[in-house]
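Student: Chains as they are written, first to last, in my numbering: chain A, 297 to 500; chain B, 297 to 500.
Have a look at this one before I ask anything.
Number of protein chains: 2
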Amino acid sequence: MRHQTPVQLPRGRPRSFDVEAAVERAMGVFWSRGYHATALPDLLRATKLSRGSLYAAFGDKHSLFLRALDRYIADALTRMDIELDPRREPVDGLRAYLAGYVDRTSGANGRRGCLLVATAMELAGQDAEAGRRIASFFKAMEARVTDALSGAKAAGKLADGVEPSSAARILVCFLWGLRVVAKTAPTRITSQATVDALLDRFIR
Amino acid sequence: MRHQTPVQLPRGRPRSFDVEAAVERAMGVFWSRGYHATALPDLLRATKLSRGSLYAAFGDKHSLFLRALDRYIADALTRMDIELDPRREPVDGLRAYLAGYVDRTSGANGRRGCLLVATAMELAGQDAEAGRRIASFFKAMEARVTDALSGAKAAGKLADGVEPSSAARILVCFLWGLRVVAKTAPTRITSQATVDALLDRFIR
DNA sequence: TGATATATAGACCAAATGGTCTTTAATTCC
DNA sequence: GGAATTAAAGACCATTTGGTCTATATATCA
Chain A
297 MRHQTPVQLP RGRPRSFDVE AAVERAMGVF WSRGYHATAL PDLLRATKLS
347 RGSLYAAFGD KHSLFLRALD RYIADALTRM DIELDPRREP VDGLRAYLAG
397 YVDRTSGANG RRGCLLVATA MELAGQDAEA GRRIASFFKA MEARVTDALS
447 GAKAAGKLAD GVEPSSAARI LVCFLWGLRV VAKTAPTRIT SQATVDALLD
497 RFIR
Chain B
297 MRHQTPVQLP RGRPRSFDVE AAVERAMGVF WSRGYHATAL PDLLRATKLS
347 RGSLYAAFGD KHSLFLRALD RYIADALTRM DIELDPRREP VDGLRAYLAG
397 YVDRTSGANG RRGCLLVATA MELAGQDAEA GRRIASFFKA MEARVTDALS
447 GAKAAGKLAD GVEPSSAARI LVCFLWGLRV VAKTAPTRIT SQATVDALLD
497 RFIR
């Protein structure tokens, strides 16, 4: 039984902007331009906040970036959890998951890139906080794909000799590479064909 | 028969530093830090040039960057041409080529990253000159891998149903993804195992 | 020797950087 | 109404940015 610390209602004018919406808008800017190329005025324009409000709410540019990155990661994990839901046919789940990648890696979507891959390349080496997040997301992604492949194996859907954990590692590398290649804006046809050809090697 | 335009020897003090060596040193900095995070003093320190000399020789930061990128690309293509030499056993060539990637994507080497992948993510969207170079390198890399796989197919070394051009596209994506994952500094064992597992799916 | 050309060091510059602070207006609770 | 809290606008700040320019020394050729 815990003492109920009296929840002190703030007395003055309440916060009038949506913090999460601001994070999301900031995320959009970092996503399109990268960390270093994003200047403060870009963030102010996107969030429609004043300098004062932004610094009061987030501390500094770097902290805001980390929050945006966390948001991006949370979105990605949520999507994976839906698409790779273990109650689903595992192969269907994998196909749905990969279909999302085809979408995100062709044409203009592809050009926009991926905040995680961009951050991995731009900051993971120098910025420990960012590096930790990249590594942990990578592990989480790999684990989910491994689970999905294990499910497929149990259902007898994997090709002979395919081992879920190493296949998952391959798939994850491949998908991150797709994000890089996507910067050259390949057609949807091409992306789709590449993904299909890979899956053909692993799925029976 | 051409008129021999009289090669006008420069009259004054000759250039006393090695331009290509300077490009190489600059390349190292861009490689480790990325374009935006590299400040002019970093480049002066690395090249041991004065501001004046650097601007006289290269114009501006962006031009120097493009020269460094071109150098990186030339090095990469040279390496590929050696490792994937068509006079070699095609599968041996592929294995040698992939062995190089294992080396460059584990431990500290991996952490350092890849100037091409970093540039793709940081600049390809905004900087047309850089974007062109990325796209053209990507095509060149894909073409060479396709040739190697065609050779392997002719020698009956490809697994059933593997088509050289789509397999090449997969391999290229995978390798670029390895460069991203490398930022989390995986062990050599892990990188090697992943590469081997992928190759097992394509090589008979 | 004199003309030519280059290198270095560093002063210098305007613009942009991330970040702080003050002022004023707004909005809530008591 | 009054205290409390927040937001917006923008002045302000030191530092850093990429880039130019000058002064001086040095090296080459004719």
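All C-beta atoms in this analysis are idealised placements derived from N, C-alpha and C, irrespective of residue type, glycine included.
All figures in this text were calculated on a predicted structure; none of them were measured in a lab.
Do Arg484 (chain B) and Asp371 (chain B) have their CB atoms nearer than 9 Å?
Tutor: Cβ distance not < 9 Å, so Arg484 (chain B) and Asp371 (chain B) don't count as in contact.
Student: Pick from A:Gly421, A:Gly389, A:Phe313, A:Phe434: whose alpha carbon is nearest that of Gly330 (chain B)?
Tutor: When only C-alpha atoms are compared, the closest one is A:Gly421.
Student: Where Asp388 (chain A) and Val468 (chain A) are concerned, what is the direct C-alpha to C-alpha distance, given to the nearest angstrom?
Tutor: About 17 Å.
Student: Is any beta-carbon of chain A found at less than 9 Å from that of Asp399 (chain B)?
Tutor: Chain A contact via Cβ: absent.
Student: Could you work out which residues of chain B lie near Arg484 (chain A), taking near to mean beta carbons separated by less than 8 Å?
Tutor: Ordered by position in chain B, no residue passes the 8 Å Cβ test against Arg484 (chain A), which lies about 14 Å from the chain.
Student: Quick check: the Cα distance between Tyr397 (chain B) and Leu471 (chain B), rounded to an integer number of angstroms?
Tutor: Spanning the two alpha carbons is a distance of roughly 7 Å.
Student: If you drop the 5 nearest sequence neighbours on each side, which residues of the same chain put their C-beta closer than 8 Å to that of Phe433 (chain B)?
Tutor: These residues qualify, in order along the chain: Ile369, Ala372, Leu373, Leu412.
Student: Are Gly406 (chain A) and Val477 (chain A) closer than 9 Å when you measure CB to CB?
Tutor: Yes, the Cβ-Cβ distance between Gly406 (chain A) and Val477 (chain A) is below 9 Å.
Student: Distance cutoff 9 Å, beta carbons only. Does Leu350 (chain A) sit that close to anything in chain B?
Tutor: Answer no: the Cβ-Cβ gap between Leu350 (chain A) and chain B never drops below 9 Å.
Student: If we require 4 or more residues per run, which alpha helix (DSSP H) segments fall completely within the region 297–353 of chain B?
Tutor: Runs of the alpha helix (DSSP H) inside the region 297–353 of chain B: 315–329, 336–343.
Student: Take Ala322 (chain A) and list the residues in its own chain whose beta-carbon comes closer than 7 Å to its own, dropping the five residues that flank it on each side.
Tutor: If we look at Ala322 (chain A) and ignore the five residues flanking it on each side, its Cβ neighbours are Leu339, Ala342, Thr343, Leu360, Ala364.
Student: Is the separation between the beta-carbon of Arg500 (chain B) and that of Ala455 (chain B) shorter than 9 Å?
Tutor: Yes, the Cβ-Cβ distance between Arg500 (chain B) and Ala455 (chain B) is below 9 Å.
Student: Helix, strand or coil for Leu380 (chain A) per DSSP?
Tutor: If DSSP states are grouped into helix, strand and coil, Leu380 (chain A) belongs with coil.
Student: Which whole-angstrom value is the C-beta distance of Thr415 (chain A) and Leu474 (chain A), which I expect to be below 8 Å?
Tutor: The pair is not a contact, with the Cβ atoms about 17 Å apart (cut-off 8 Å).
Student: Any beta-carbon of chain B closer than 9 Å to the one on Gly403 (chain A)?
Tutor: For Gly403 (chain A), the answer is no, since every Cβ of chain B falls outside 9 Å of its Cβ.
Student: List, in chain order, every chain B residue whose beta-carbon is nearer than 8 Å to that of Phe470 (chain A).
Tutor: Neighbours of Phe470 (chain A) on chain B, chain order: Ile466, Cys469, Phe470, Gly473.
Student: Is Leu454 (chain A) helix, strand or coil when you go by DSSP?
Tutor: In this structure, Leu454 (chain A) counts as strand in the three-state DSSP scheme.
Student: At a CB-CB cut-off below 7 Å, which residues of chain A make contact with Ala489 (chain B)?
Tutor: The answer, in chain order, is Ser462.
Student: Pick out the complete alpha helix (DSSP H) segments inside the region 386–442 of chain A, 4 residues or longer, and give them in chain order.
Tutor: Runs of the alpha helix (DSSP H) inside the region 386–442 of chain A: 386–400, 403–408, 411–418.
Student: Do you know how far the Cα of Ala335 (chain A) is from the Cα of Leu362 (chain B)?
Tutor: Going by the C-alpha atoms only, they are around 23 Å apart.
Student: With a threshold of 9 Å between beta-carbons, can His332 (chain A) be considered close to chain B, or not?
Tutor: For His332 (chain A), the answer is yes, since a Cβ of chain B falls inside 9 Å of its Cβ.
Student: Got a sec, what are the start and stop residues for the alpha helix (DSSP H) Arg484 (chain A) sits in?
Tutor: Here the alpha helix (DSSP H) through Arg484 (chain A) covers 484–498.
Student: According to a CB-to-CB cut-off of less than 8 Å, which residues of the region 415–432 of chain B neighbour chain A?
Tutor: From the region 415–432 of chain B, only Ala416, Met417, Glu418, Ala420, Gly421, Gln422, Gly427, Ile430, Ala431 have a Cβ closer than 8 Å to chain A.
Student: Reducing DSSP to helix, strand and coil, say where Ala372 (chain B) ends up.
Tutor: Helix.
Student: Can you list, in chain order, the residues of its chain whose CB lies under 7 Å from that of Ala424 (chain B), leaving out five sequence neighbours each side?
Tutor: Closer than 7 Å at Cβ, skipping near neighbours: no residue.
Student: Can you check which of these residues, A:Ile378, A:Ala333, A:Leu380, A:Arg375, is closest to His358 (chain A) by C-alpha distance?
Tutor: His358 (chain A) has its Cα closest to that of A:Ala333, out of A:Ile378, A:Ala333, A:Leu380, A:Arg375.
Student: From what residue to what residue does the alpha helix (DSSP H) around Gly473 (chain A) run?
Tutor: Gly473 (chain A) -> alpha helix (DSSP H) spans 460–477.
Student: Run through chain B and tell me which residues come within less than 7 Å of Ala324 (chain A), C-beta to C-beta.
Tutor: According to the sequence shown, residue 324 (chain A) is Gly rather than Ala. In chain order: nothing, as chain B lies at least about 14 Å away.
Student: Nearest to Pro310 (chain B) by CA position, among B:Ala444, B:Ile466, B:Glu459, B:Ser349, is which residue?
Tutor: Among B:Ala444, B:Ile466, B:Glu459, B:Ser349, the Cα nearest to that of Pro310 (chain B) belongs to B:Ser349.
Student: Is the beta carbon of Thr442 (chain B) within less than 8 Å of some heavy atom of the ligand PLP?
Tutor: The ligand content of the structure shown is nil, which means the ligand PLP is not present either.
Student: Give the secondary structure of Asp366 (chain A) by DSSP, where H, G and I count as helix, E and B as strand, and everything else as coil.
Tutor: Asp366 (chain A) falls in the helix class under three-state DSSP.
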